[in-house]
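Right, one structure below, let's go through it.
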Amino acid sequence: MCQMTMNNDIERVLYSVEDIKEAAHRVGTQLATDYADKTPIILSVLKGAILWTVDVMKEMDSYAEVEFIDVSSYHGGVASAGEIMLRTDLNTDVNGRDIIIMEDIVDTGRTLKFMIDLLMERGAKSVKVASLLDKKEGRVVEANVDYIGFDVPKAFVVGYGLDYKELYRNLPYVGVLKPEIYTSEDTATLNSQD
Ligand code: 5GP
Ligand code: MG
Ligand code: MG
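Structural data, given as structure tokens:
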């Protein structure tokens, strides 16, 4: 990290600033249409979904509330250990409400399933999911994404909210890190971070 530019750590850009802007517009306008006669709760999953949430909600010319939840997977060095933990709960009653979960990426589907089960248990009227990225090949449990930014291949990506060791979230695009950035690391842990 002697040279202080994150861009140098990126091997390849997968989704550019322009690509993401188009996806946010497409998903946001679709949500505004689909929820025109409702007032949903946009539930943003910390921290990865913050940029996606902001960009999509700005494209929605319809009434909506915004809440945050922090959910993460336990990981003891093994990829996607499976156990999910509720770190910070949302601050509102979801009983009878329409919920739109905003996710950065759905991989195994475990995090998403945990949240959907939780919200349904609490009496949510409906739960839909809008994810920037859908890594369908990684699915271990059934978890459907209703609004998809991009279908992403099974690779570890960073940027636009997605981190590697809490870094790269502020890159304005989504890309793949150069292998040397984590060659000294146990790559098995890469899949299980929130
Ligand atoms: P799950 O496996 O439960 O569907 O996804 C759990 C979390 O793993 C995601 O919300 C995301 O934070 C993280 N994750 C999965 N794939 C990637 C990836 O390619 N890059 C990054 N940075 N995080 C990922
Ligand atoms: Mg996430
Ligand atoms: Mg992470």
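Here UniProt numbering is used: the first residue of the sequence shown is 1, the next is one more, and so on. Glycine residues also receive a C-beta, built at the ideal position from the N, C-alpha and C atoms. Every value quoted in this text rests on a predicted model; they were computed, and no experiment measured them.
Asked: Pick out the complete beta strand (DSSP E) segments inside the segment 112 to 145, 3 residues or longer, and give them in chain order.; Found: 126 to 134
Asked: Which residues does DSSP list as the beta-bridge partners of F68?; Found: S44
Asked: For the beta strand (DSSP E) containing G149, name the first residue and the last one.; Found: Y147 to D151
Asked: In terms of DSSP beta bridges, what is L86 paired with?; Found: V71
Asked: Express the C-alpha separation of I181 and V13 in angstroms, rounding to a whole number.; Found: 16 Å
Asked: Return yes when the Cβ of G161 is within less than 7 Å of the Cβ of V141, no when it is not.; Found: no
Asked: Taking only three categories from DSSP, how would you classify D104?; Found: strand
Asked: When every heavy atom of ligand 3 is checked, does at least one fall within less than 6 Å of the C-beta of D107?; Found: no
Asked: So, with DSSP's three-state summary, where would you put R97?; Found: coil
Asked: Expressed to the nearest angstrom, what Euclidean distance is found between the alpha-carbon atoms of N8 and Y164?; Found: 15 Å
Asked: In chain order, what residues of the same chain have a beta carbon less than 6 Å from the beta carbon of V174, not counting five sequence neighbours either side?; Found: L14, Y15, V157, G159 and Y160
Asked: For L14, does the three-state DSSP call read helix, strand or coil?; Found: strand
Asked: With which residues is V56 paired in a DSSP beta bridge?; Found: In DSSP, V56 forms no bridge with anything.
Asked: Would you check if the distance between the CB atom of L133 and the CB atom of F114 is smaller than 7 Å?; Found: no
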